[in-house]
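There are 2 protein chains.
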Amino acid sequence: MRKWSHGLAPASVVLLAALTVAGLRPATAHAHGRPPLRFGPAGVFKVALFADLHYGENAWTDWGPAQDAKSDRVMAAVLDAENPDFVVYLGDLVTANNLPIPNASLYWDRAISASRSRGVPWATVFGNHDDMPFEWPPEWFSPDGVPPLRCPASPPPSTPDSGCSFRGTPRTDLMAAETGANSRLSYSSSGPRELWPGVSNYVLQVLSRRRRTRAGDDHDPALLMYFLDSGGGSYTEVVSSAQVKWFHSQSQFLNPNGRIPELIFWHIPSTAYVKVGPKAKSEIRKPCVGSINKEEVAPQAAEWGIMDALAKRPSVKAVFVGHNHGLDWCCPYQELWLCFARHTGYGGYGGWPKGARIIEVTEDPFSAVSWIRMENGSRHSHVTLSS
Amino acid sequence: MRKWSHGLAPASVVLLAALTVAGLRPATAHAHGRPPLRFGPAGVFKVALFADLHYGENAWTDWGPAQDAKSDRVMAAVLDAENPDFVVYLGDLVTANNLPIPNASLYWDRAISASRSRGVPWATVFGNHDDMPFEWPPEWFSPDGVPPLRCPASPPPSTPDSGCSFRGTPRTDLMAAETGANSRLSYSSSGPRELWPGVSNYVLQVLSRRRRTRAGDDHDPALLMYFLDSGGGSYTEVVSSAQVKWFHSQSQFLNPNGRIPELIFWHIPSTAYVKVGPKAKSEIRKPCVGSINKEEVAPQAAEWGIMDALAKRPSVKAVFVGHNHGLDWCCPYQELWLCFARHTGYGGYGGWPKGARIIEVTEDPFSAVSWIRMENGSRHSHVTLSS
């Protein structure tokens, strides 16, 4: 990966049309050969959020693989019902701390295959479980012993014997596997090195349905989607001060006058969610909109300014997070909305019915609405995010 | 690494003379070209225990490297004063959770270089810190940012970009680096795969000073030293049921009639230490012997039978552990002794003066005594372990 200087160089901006501004790198998306994302002919762009799939739990038992099959079906049901233009995988695609294998990409790939198999483009952000090391069940050291595992029986002679140490798969390795040669529908990106250990930091632009602007070029973004790595797993659960600076420079560069509406995606709720949300386990009252409020918000470990940076930009309409499986509400925070997705996978804690938050953006006049589509086909919790 | 069947196959027994018993593998030590360990001409074998060196802390500051240099000097002082025949590194050679580098062998190697540079053979066991992943300081995500790190600036193009994820170095990798081509003084060994994720499980035999037995062969072991991996770091802090079985089969094979005295080495005290030790921070009274009792014993997470297995064998004279920096006592437990080493390194918690426990075994008539040699040259806490 090339080294970028800190600041304006948009290493992680997936620019979907060639930019010719002096000093800026050519568009990453062009290099990958991915076509630009674009609003449909009706001026609508619909996104499905798949949150907390938690693939790969207890593969040495029957119930683990069975629940993964059920998660496959949730995504299939949502995709069939909604036919979205894009999917955002909102972290915790896998439960890596439950994966006694050297490389979690096997399960990561299963999570994204729901979109790939239907030809729906997607993007991913990392959750706190995705790059965790395997946590050895203490009972495996008892006389019961270790169940049969996918342990590398004969590692290549040139590599050190891994000894089944199952240290988890680094974010960069997961991302490299996802965005490799056979993944032309992936719009994910490893962000600039300056933001490590956070990796999933990048911006996607969705172009207007109009093919030509008055200026005659093809580059007329009508929506910006910012993806941020909110940490966890191998490091602190946080959006860092460096990420805040990066967001500031990216948004200033891409949308200096705030003309383009902006949506934000990461995994772990910020502390602002605690402030604006209903009291834990209480009823969800207006202005909040949602159907379950079954637990306390589990926020990031610190707040280093991202919420101030977002709140200062009227162009930012909403933030979407996962992480809390028992919450699915949206609440206003100053001029924007803070939304939970809906627990989509059968993996992870919580027995609430599964579903997915849908976001529908209309470009002209701009509007953004959202609802939750359940596995059983029902819809609920409709909310207007642009008012 | 070859695959061994469970049970009698002594994959991890470093047999220091050729064994010709049918069905047993040739001696590992022969394969490595290491000479047998042997009692000296006076019939004495002296071992120094270096415990909890904790190399590699805060390498991005001044105090970290300074404390590593001090740890070098402690070991030099002890080796010069005692001139031991053998050194046992009793775990936590490094503080891997404080090492923002891809491979901790750099610091592991520094720990063992004290013995290597003097030509003293040694063995190592793993502690809970040796294979831990780097723990990112939360403040590095604040505006203060990340200090300069040894981050791989340009990884080889064929390997995935590590992204500075610093996942810790697997026990097997540390051991492979230690026992590689240039380490003819290392008597360490990666144990049988059946015992993973524990790695440092092996036996060393120390031969009698008599070069010929009445039977005319050269193989007359006068001391057995068992090394066990007590876990921690990447997995549970425990001696597993599988290790207990392994100990049983090894000791039955090597010492069926209990003629040979046996010493045991691992890192984390077993729960039996809690039972026999003095109350935390109280005075150390007879029959216990030691000089500091400054904290509570921090025992393993579970006891799966190793203490029963040891107590049943009158040939087992003592167990030696590290882990607790503020404890240096020996206390009797049934017919054997449970001993702490002495905190040797300047790394890790605790400001108590540094030193090393010494064990002196005399072969004929058998006796085993121990004391603590301090960095400043003083000796204290003499105890007879063979009475």
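Which chain is which? The protein sequence lines are U and L, in order. Counting from 1, position 221 in the first sequence corresponds to residue 220 in numbering that gives the first Met the number 0; the numbering is continuous, with no gaps. Counting from 1, position 151 in the second sequence corresponds to residue 150 in numbering that gives the first Met the number 0; the numbering is continuous, with no gaps. Every residue gets a Cβ at the ideal spot worked out from N, C-alpha and C, and that includes glycine.
The beta-carbon separation of residue 259(L) and residue 222(L), rounded to 7 Å, stays under the 8 Å limit for a contact. The three-state reading of DSSP puts residue 53(L) in coil, since its state is none of H, G, I, E or B.
With 16 or more other CB atoms across the displayed protein chains lying within 10 angstroms of its CB, residue 188(U) is buried. Shown in chain order are the members of the region 131-151 of chain L whose Cβ falls below 7 Å from a Cβ of chain U: 132, 135, 137, 140, 141, 142, 144. In terms of beta-carbon proximity, residue 185(U) stays away from the interface with chain L, with every pair separated by 8 Å or more. From the beta-carbon of residue 234(U), the residues of chain L found nearer than 7 Å are 135.
In the structure shown, the three-state DSSP call for residue 107(L) is helix.
Runs of the alpha helix (DSSP H) spanning 4 or more residues and lying entirely within the region 35-83 of chain L occur at 62-81, in chain order.
Distances from the CA of residue 94(U) to each of 293(U), 50(U), 195(U), 246(U) were compared; the closest alpha carbon is that of 50(U). Taking residue 249(L) as reference, the option from 285(L), 287(L), 201(L) with the minimal CA-CA separation is 201(L). Using a Cβ-Cβ cut-off of 8 Å, residue 179(U) does not count as an interface residue toward chain L, since no Cβ of chain L sits closer than that to its own.
Neighbours of residue 109(U) in chain L, taken as residues at a C-beta separation under 9 Å, are lacking, since the least C-beta distance is about 20 Å. Between residue 227(L) and the set 69(L), 301(L), 126(L), the nearest pair of CA atoms involves 126(L).
Note on geometry: alpha-carbon atoms of residue 304(L) and residue 243(L) lie some 6 Å from one another.
The beta-carbon of residue 35(U) is placed no less than 8 Å from the nearest beta-carbon of chain L. For residue 240(U), the residues of chain L that pass the 9 Å Cβ criterion are 140, 141, 142, 143, 144, in the order they occur in the chain. Cβ neighbours of residue 318(L) within its own chain (closer than 6 Å, five residues either side excluded): 263, 337.
At a cut-off of 8 Å between beta-carbon atoms, residue 269(L) makes no contact with chain U.
Rounded to whole angstroms, residue 232(L) and residue 115(L) show a C-alpha spacing of 26 Å. For residue 245(L), not one C-beta of chain U is nearer than 8 Å to its own C-beta.
Residue 229(L) and residue 265(L) do touch by the CB rule: their CB atoms are close to 4 Å apart, below 8 Å. Judged by their CB atoms, residue 361(L) and residue 164(U) are not nearer to each other than the 8 Å cut-off.
Annotation note: the region 323-375 of chain U contains the following uninterrupted beta strand (DSSP E) runs of length 3 or greater, listed N- to C-terminal: 329-332, 335-339, 354-362, 365-373.
In the same chain as residue 145(L), and ignoring 5 residues on each side of it, the C-beta atoms closer than 7 Å to its own belong to 139, in chain order. According to DSSP, residue pairing for residue 201(L) in a beta bridge involves 226(L). Proximity of residue 352(U) to chain L, defined by a Cβ-Cβ separation below 8 Å, is not satisfied. For residue 329(L), the nearest beta carbon of chain U is not closer than 8 Å to its own beta carbon. Counted as a single uninterrupted DSSP element, the stretch harbouring residue 234(L) is not any beta strand (DSSP E), since DSSP gives it neither H nor E. Counting C-beta atoms within 10 angstroms of its own C-beta, residue 82(U) has fewer than 16 neighbours from the protein chains shown and is therefore classed as exposed.
When C-alpha distances from residue 359(L) are compared across 34(L), 33(L), 35(L), 42(L), the shortest belongs to 42(L). If the five residues before and after residue 286(U) are omitted, its C-beta is found closer than 8 Å to the C-beta atoms of 330, 331, all from its own chain and listed in chain order.
Within the region 280-302 of chain U, the residues whose Cβ lies closer than 8 Å to some Cβ of chain L are 300, 301, listed in chain order. Annotation: the region 232-318 of chain U contains the following complete segments of the beta strand (DSSP E) (minimum length 3 residues), in chain order: 261-264.
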